[in-house]
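S.K.: Before I ask anything, here is the structure I am working with.
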Amino acid sequence: MIPLIRGFKDILPDDTPVWKAIEETAAALFQSFGFKEIRLPIVEKAELFQRSIGENTDIVEKEMYTFSTGKGEMITLRPEATASVVRAYIQQQLYAKDPVQKLYTIGPMFRRERPQKGRYRQFYQINAEVFGIGAPYIDAQLIVMLWNLFERLAIGGLSVQLNSLGCPVCRPAFKQALTDMLEEGTGVLCADCLRRKDKNPMRVLDCKVPACRDVMKDAPSMTDYLCEDCASHFSKVQSALGLQQIPFVLNPRLVRGLDYYTRTAFEIQTDALGAQNAIAGGGRYDGLVKALDGPEQPAIGFAIGLDRLVELVSQAMPQQSLTPDVFIAAIGEELQEKAFEWSCALGLSGVQTEIDFSGKSLKALMKRADRLGAAHVLIAGSQEMAQGSVILRNMKNKEQVPVPIDGMVDHIKQYLKDYQCCKESEKKKKAIPEPVRVIRF
RNA sequence: GUGGGUGUAGCUCAGCUGGCAGAGCGCUAGGUUGUGGUCCUGGAUGUCGAGGGUUCGAGCCCCUUCACUCACCCCA
0 MIPLIRGFKD ILPDDTPVWK AIEETAAALF QSFGFKEIRL PIVEKAELFQ RSIGENTDIV
60 EKEMYTFSTG KGEMITLRPE ATASVVRAYI QQQLYAKDPV QKLYTIGPMF RRERPQKGRY
120 RQFYQINAEV FGIGAPYIDA QLIVMLWNLF ERLAIGGLSV QLNSLGCPVC RPAFKQALTD
180 MLEEGTGVLC ADCLRRKDKN PMRVLDCKVP ACRDVMKDAP SMTDYLCEDC ASHFSKVQSA
240 LGLQQIPFVL NPRLVRGLDY YTRTAFEIQT DALGAQNAIA GGGRYDGLVK ALDGPEQPAI
300 GFAIGLDRLV ELVSQAMPQQ SLTPDVFIAA IGEELQEKAF EWSCALGLSG VQTEIDFSGK
360 SLKALMKRAD RLGAAHVLIA GSQEMAQGSV ILRNMKNKEQ VPVPIDGMVD HIKQYLKDYQ
420 CCKESEKKKK AIPEPVRVIR F
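Residue 431 in numbering that gives the first Met the number 0 sits at position 432 of the first sequence, with consecutive numbering throughout.
Laid out in C-alpha cells, this is it:
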C-alpha cells in the first residue's frame, strides 16, 4: 500500500457533511455582508510570498513547499491566501471597476510544519478580505461577522483577542524601545528570542519561556506608542465592537507572524483544542497592496482555520450519515435484472435507494438493509412476481404493504410522502422547540 | 527542526521472566428451506509498523528506520 504523505489527511464521507455545512453557513453569512466569492490558484510564484509575508518569517524561512519548474522559475504551494487575493486585485485591476472589493475564498493551504492536533501540512481556510476601506467600522464589522458565524455554528468557549500593531509612523519608536529593553536582558533570553531580538523583536512578546516572560513583564505596550491616527482608529474599533456587544480582550502581546500587518490585529481563540487554540485570525494590512505594485489602498482581512472549526463543530454534533429510503431485496438470480431497473427508476426519481445484487438469502439482504439504516425494504420474490405486486416493508413498525409492480415508482413515492407527513406530525406533537442558532444537517 | 507517548485481526485492545498469536466488537454462514435488530452455534481474517542484531527460540531484549500522536516552536 502507498500511504498518504505525512501531515496530509483524507476527509472521509462521514465528515464531509460538517465541512459542507460550515462552508455553506459561512458563504451565506458573508454574502449578506456584501462579500463575493473569488477562486484562486493554489500555486504562485515563490516571490509573491517572499515579498508579501516577509523574508524573515518562519513561513518563508522554513515552511514553504517550493519547487523549481526546471526552467529556473520557483513556484510555491500557497501557505496562505491573502497574497494571492491581493495579487488578483492588482493583476485583474479589480480596483479600476471599484476600489472597494469584498472577497472571500475557501481552499487548501500548505505549510511544512511538524503536524500535531489542529495542525496539518495541508489545511483549509476560509478567507475574507476587504479592499479600499480604511474606516475602523469595517474592522469591527469583520469581527461582528466572524462572531456571528460561530454563534450560528453553536460554538462556545471562544474569546476575541484584540490589539493594534501601529503603522510605519509609530511602530519604529516602539520597536526601538523594545530592542533597548531586550539588550538589557540579553543574558537570560532563550536562544530563539536572541535570534528574534534583531530580526523581529515584536515576536519576543509572545514567547512562552519563563525567563523571557520575566524580561518582558514590564515590556512597553504598542498601544502606548500609537500615533494619533492609529490611537483614534483603535479606539473607534473598540467602541464599535461595544455597540454590537461583542466581548473582546485587549491583548498587547498579540503579535501577528506576518510582516504586512498594520493597526488592528485580532484572533479568535478556543479553549477546546489544545495548543493550537486560534480558529481565526486576521488584521489590517494597509501597505501591502502598494508594496505589491498596486495602487495605494487600505485593506483588512481574516482567515478561519476550517480544520479546527470542523473539529469544534463535530465535538458538539454527533455525525449522522445518509440512510436509504428504500432497500431493494430481490430474491434469486433471475430477478436481479428487474431489481436493477427498479433501482434505477427509483434513484432517478429522487428516492434514495440501495440495492444488493449479490443474490444472497433474504435473511442476509434484510440484515444488510438493517445495517444501512434503510427505512423500508422492497421485497420481491417469485411469489410476488406471479401476483404482480411486491412487498414494501416498513423497518420500524414492521408493517408490510403490497405495491403493484405496474406504476411502482409512483406508488412508492406516494407512500413515502405519507410516511414523511406522519413523521413530521409526530415530531410536532413532541413540540421540542429547535434552537434557532443551531445548524442542522 | 527538537522532545515525550504509541504501533499486535477491519475496530478497541490483552499478551507474565523470551517458550504454539489472543479477547471483545465487527464480518460471514447456519439454527429459522422467504423476513433485520435479541439469543445460540460454527467460520474466515495477522508481514505482531519495517529492516537488522542477540538467542536453541523474539510480539517481548538491543540497534536503525517509518508512521501515528501530543507538546515545544509557529500559527489558522
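Even for Gly, the Cβ is constructed at its ideal location relative to N, Cα and C. Here the structure is a predicted model, which is why all the values come from computation and not from measurement.
(1) Measuring only the C-alpha atoms, how far is I4 from P114?
(2) Quick check on Q121: does DSSP put it in helix, strand or coil?
(3) Where F7 and Y119 are concerned, what is the direct C-alpha to C-alpha distance, given to the nearest angstrom?
(4) Over what stretch of residues does the beta strand (DSSP E) that includes P401 continue unbroken?
(5) Can you tell me the Cβ-Cβ gap for L233 and L242, rounded? I've got them flagged as a contact below 8 Å.
(6) Measuring only from the beta carbon, is Q386 closer than 7 Å to any heavy atom that is part of the ligand FAD?
(7) Opposite E43 in the DSSP bridges: which residues?
(8) Run through the segment 236–287 for me and flag every whole alpha helix (DSSP H) of 4 or more residues, listed as ranges in chain order.
(9) CB-CB under 7 Å to R307, same chain, minus the five flanking residues each way: which ones, in chain order?
(10) Based on the DSSP secondary-structure assignment, which residues constitute the bridge partners of A329?
(11) Go ahead and label M73 buried or exposed: buried means 16 or more other beta carbons lie within 10 angstroms of its beta carbon, across all protein chains shown.
(12) Output needed for A328: all residues of its chain with C-beta closer than 8 Å, excluding positions within five of it in sequence on either side, in chain order.
(13) Measure the CB-CB distance between C229 and C189 and report whether it falls below 8 Å.
(14) Could you pull the DSSP bridge partners for R392 from this structure?
(15) Quick check: the Cα distance between Y136 and L164, rounded to an integer number of angstroms?
(16) What whole-angstrom Cβ distance do K96 and G33 have, given they're in contact under 8 Å?
(17) In this structure, how does DSSP classify T104 when only helix, strand and coil are distinguished?
(18) In angstroms, rounded to a whole number, what distance separates the CA positions of Q92 and A298?
(19) Please name the residue in G281, F109, Q314 whose C-alpha comes closest to that of A45.
(20) For F301, which of helix, strand or coil comes out of DSSP?
(21) Would you say Q296 and F29 are within 8 Å of each other, going by their C-beta atoms?
(22) Pop quiz: N258 and G53 are said to be a contact at Cβ under 8 Å. What is the actual Cβ separation, rounded to whole angstroms?
(23) I'd like the ranges of any beta strand (DSSP E) spanning at least 3 consecutive residues and lying wholly in the segment 5–58.
(24) In the DSSP assignment, what are the bridge partners of D65?
(25) Report the rounded CA-to-CA distance for V437 versus S31, giving the unit in angstroms.
(26) Quick check: the Cα distance between D138 and V187, rounded to an integer number of angstroms?
(27) Can you give the Cα-Cα distance for Q140 and P403, rounded to whole angstroms?
(28) Quick check: the Cα distance between I89 and I267, rounded to an integer number of angstroms?
(29) DSSP three-state call for L161: helix, strand or coil?
(30) Would a C-beta distance cut-off of 8 Å place I41 and R86 closer than the cut-off?
(31) Which value, in whole angstroms, describes the spacing of the CA atoms of W146 and T56?
(32) Would you identify the three-state DSSP class for A218, choosing helix, strand or coil?
(33) Once you ignore the five residues that flank I431 on each side, which residues in its own chain have a CB closer than 8 Å to its CB?
(34) Checking the sheet assignment: what are the DSSP bridge partners for F109?
(35) Excluding the five sequence neighbours on either side, which residues of its own chain have a C-beta within less than 8 Å of the C-beta of K289, listed in chain order?
(36) Could you check which residue in R262, Q419, E23, C343 has the C-alpha nearest to that of P167?
M.R.: On the basis of the data shown:
(1) The residue given as residue 4 occupies position 5 in the first sequence. The residue given as residue 114 occupies position 115 in the first sequence. In a straight line, the C-alpha of I4 is about 11 Å away from that of P114.
(2) Indexing the first sequence from 1 puts residue 121 at position 122. Strand.
(3) The sequence position of residue 7 within the first sequence is 8, counting from 1. The sequence position of residue 119 within the first sequence is 120, counting from 1. Computed Cα separation, rounded: 6 Å.
(4) Taking the first residue of the first sequence as position 1, residue 401 is located at position 402. Unbroken beta strand (DSSP E) run through P401: 399–403.
(5) Here the question's residue 233 lines up with position 234 in the first sequence. Here the question's residue 242 lines up with position 243 in the first sequence. Position check: residue 233 holds Phe in this sequence, whereas Leu was assumed. At roughly 15 Å, the Cβ-Cβ gap does not stay under 8 Å, so F233 and L242 are not in contact.
(6) The model depicted lacks the ligand FAD and carries no ligand whatsoever.
(7) Taking the first residue of the first sequence as position 1, residue 43 is located at position 44. DSSP, once it has assigned bridges, lists T75 as partnering E43.
(8) none
(9) Counting from one through the first sequence, the residue named residue 307 turns up at place 308. Excluding residues within five positions, the ones whose Cβ falls inside 7 Å are G117, L272, Q275, I278.
(10) Locating residue 329 in the first sequence gives position 330, counting from the first residue. Its beta-bridge partners are A379.
(11) Within the first sequence, residue 73 is the residue found at index 74, counting from 1. Under this definition M73 is an exposed residue.
(12) Taking the first residue of the first sequence as position 1, residue 328 is located at position 329. The answer, listed in chain order, is D355, L361, L364, M365, A368, V376, L377, I378, A379.
(13) Position 230 of the first sequence, counting from 1, holds the residue named residue 229. Position 190 of the first sequence, counting from 1, holds the residue named residue 189. Cβ atoms of C229 and C189: not closer than 8 Å.
(14) Looking up residue 392 in the first sequence gives position 393. V376, Q399, per the DSSP bridge assignment.
(15) As a position in the first sequence, residue 136 is number 137, starting the count at 1. As a position in the first sequence, residue 164 is number 165, starting the count at 1. Distance between the alpha carbons of Y136 and L164 is about 17 Å.
(16) The count along the first sequence starts at 1 and reaches residue 96 at position 97. The count along the first sequence starts at 1 and reaches residue 33 at position 34. Going by Cβ atoms, the distance from K96 to G33 rounds to 15 Å, so no, they are not a contact pair.
(17) Along the first sequence, one-based indexing puts residue 104 at 105. Three-state DSSP puts T104 in a strand.
(18) Locating residue 92 in the first sequence gives position 93, counting from the first residue. Locating residue 298 in the first sequence gives position 299, counting from the first residue. Each residue's alpha carbon lies about 15 Å from the other.
(19) The sequence position of residue 45 within the first sequence is 46, counting from 1. When only C-alpha atoms are compared, the closest one is F109.
(20) Along the first sequence, read from residue 1 onward, the residue named residue 301 stands at position 302. Strand.
(21) Taking the first sequence and counting its residues from 1, the one referred to as residue 296 is at position 297. Taking the first sequence and counting its residues from 1, the one referred to as residue 29 is at position 30. Result no, Cβ atoms of Q296 and F29 do not sit closer than 8 Å.
(22) Along the first sequence, read from residue 1 onward, the residue named residue 258 stands at position 259. Along the first sequence, read from residue 1 onward, the residue named residue 53 stands at position 54. In the sequence under discussion, the amino acid at residue 258 is Asp, which differs from the Asn named in the question. Their Cβ separation, rounded to whole angstroms, is 3 Å, which keeps D258 and G53 in contact under 8 Å.
(23) 42–44
(24) By 1-based counting over the first sequence, the position of residue 65 is 66. According to the sequence displayed, residue 65 carries Thr and not Asp. T75, per the DSSP bridge assignment.
(25) In the first sequence, counting from the first residue as 1, residue 437 sits at position 438. In the first sequence, counting from the first residue as 1, residue 31 sits at position 32. Confidence is the limiting factor: at V437 the pLDDT is only 41, short of 50, which leaves the residue's position unreliable, though a coordinate-based value still follows. Approximately 19 Å between the Cα atoms of the pair.
(26) Position 139 of the first sequence holds residue 138. Position 188 of the first sequence holds residue 187. Rounded to the nearest angstrom, the two C-alpha atoms are 38 Å apart.
(27) Reading the first sequence from its first residue, position 141 is the one you call residue 140. Reading the first sequence from its first residue, position 404 is the one you call residue 403. Roughly 60 Å between the two C-alpha positions.
(28) As a working mapping, residue 89 is identified with position 90 in the first sequence. As a working mapping, residue 267 is identified with position 268 in the first sequence. C-alpha separation (whole angstroms): 29 Å.
(29) Taking the first residue of the first sequence as 1, we reach residue 161 at position 162. It is a strand residue.
(30) Here residue 41 corresponds to residue number 42 of the first sequence, with the count starting at 1. Here residue 86 corresponds to residue number 87 of the first sequence, with the count starting at 1. Against a cut-off of 8 Å, the Cβ pair of R86 and I41 comes out as no contact.
(31) Along the first sequence, read from residue 1 onward, the residue named residue 146 stands at position 147. Along the first sequence, read from residue 1 onward, the residue named residue 56 stands at position 57. About 29 Å.
(32) In the first sequence, the residue the question calls residue 218 occupies position 219. Residue state, collapsed to three classes: coil.
(33) If you number the first sequence from 1, residue 431 lands on position 432. Caution applies to I431, whose pLDDT of 37 falls short of 50 and renders its modelled position unreliable; the value that the coordinates give is listed next. Counting only Cβ-Cβ distances below 8 Å, and skipping sequence neighbours, we find nothing.
(34) Translated into the one-based positions of the first sequence, residue 109 becomes position 110. DSSP, once it has assigned bridges, lists Q121 as partnering F109.
(35) Working through the first sequence from its first residue, we reach residue 289 at position 290. The answer, listed in chain order, is E295, Q296.
(36) Here residue 167 refers to the residue found at position 168 when the first sequence is read from its first residue. Checked all of R262, Q419, E23, C343; the closest Cα to P167 is R262.
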